[in-house]
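Working notes for the structure below.
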Amino acid sequence: MEKKEFKININAPREKVWDILWDDATYTAWTEPFCVGSRAETDWKEGSKVLFTDGKGSGMVSRIAEMKPNEYMSFEHLGTLKDGVEDTTSEENKAWAGALENYYLRTENGGTALTVEMSLGGIPPEMLAYFSEAWPKALDKVKEISEKN
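Note that my numbering has the sequence shown beginning at 1376, numbered continuously upward.
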């Protein structure tokens, strides 16, 4: 399956970057390039469902496929959320169900190398263009927040 990677080096320890990525307040801040008001609704446990929402009842339905704290997080996308209703069975959603979004954090030169890898199977071209534009902005936000204080 084809993959797309986005990378950034952050002058902060992995533990801090990890917390920035998954804490409710900072998650909303760094994901603004995707959607203002976005949230992740989950208990952050491996195997748990995640609703990535716009705060208005729309977004994506995923699950935490694998997690190694401060090192690796993998989300498996299962479908979409529209007007508060989960859809994992429509043909549109089946086309890219199972796509993975992986986060790798490595200690490098006293800081953290953060890589986000997306599997692209079934992702429509317009979504790929959207992600290609939004991810660098989002990673810049992670860097900015992580390097404060």
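Note that beta-carbon positions come from the ideal geometry of N, C-alpha and C, so glycine has one too.
Separation of residue j from residue i, as counted between CA atoms
i, j, result
"P1388", "G1432", "34 Å"
"W1419", "I1439", "7 Å"
"T1490", "Y1478", "6 Å"
"E1501", "T1403", "23 Å"
"S1521", "N1386", "8 Å"
"G1422", "N1484", "33 Å"
"L1453", "G1434", "11 Å"
"T1464", "T1482", "40 Å"
"K1457", "K1469", "15 Å"
Simplified DSSP state of residue i, which is helix, strand or coil
i, result
"F1506", "helix"
"D1462", "strand"
"V1491", "strand"
"V1425", "strand"
"T1482", "strand"
"E1519", "helix"
"T1403", "helix"
"K1512", "helix"
Endpoints, the alpha helix (DSSP H) within which residue i is located
i, result
"D1394", "R1389 to W1397"
"E1467", "E1466 to W1471"
Beta-bridge pairing of residue i - partner residues as DSSP gives them
i, result
"L1453", "Looking at the DSSP assignment, L1453 forms no beta bridge with any residue, so it has no partner."
"E1476", "F1450 and M1493"
Residue j beta carbon less than 9 Å from that of residue i
i, j, result
"Y1447", "L1480", "yes"
"K1382", "L1514", "yes"
"T1401", "R1414", "no"
"V1436", "V1425", "yes"
"S1449", "E1441", "yes"
"K1378", "S1507", "no"
"T1455", "E1467", "yes"
"F1409", "A1472", "no"
Span of the beta strand (DSSP E) around residue i
i, result
"G1434", "G1434 to K1443"
"K1378", "K1378 to I1385"
"E1416", "R1414 to E1416"
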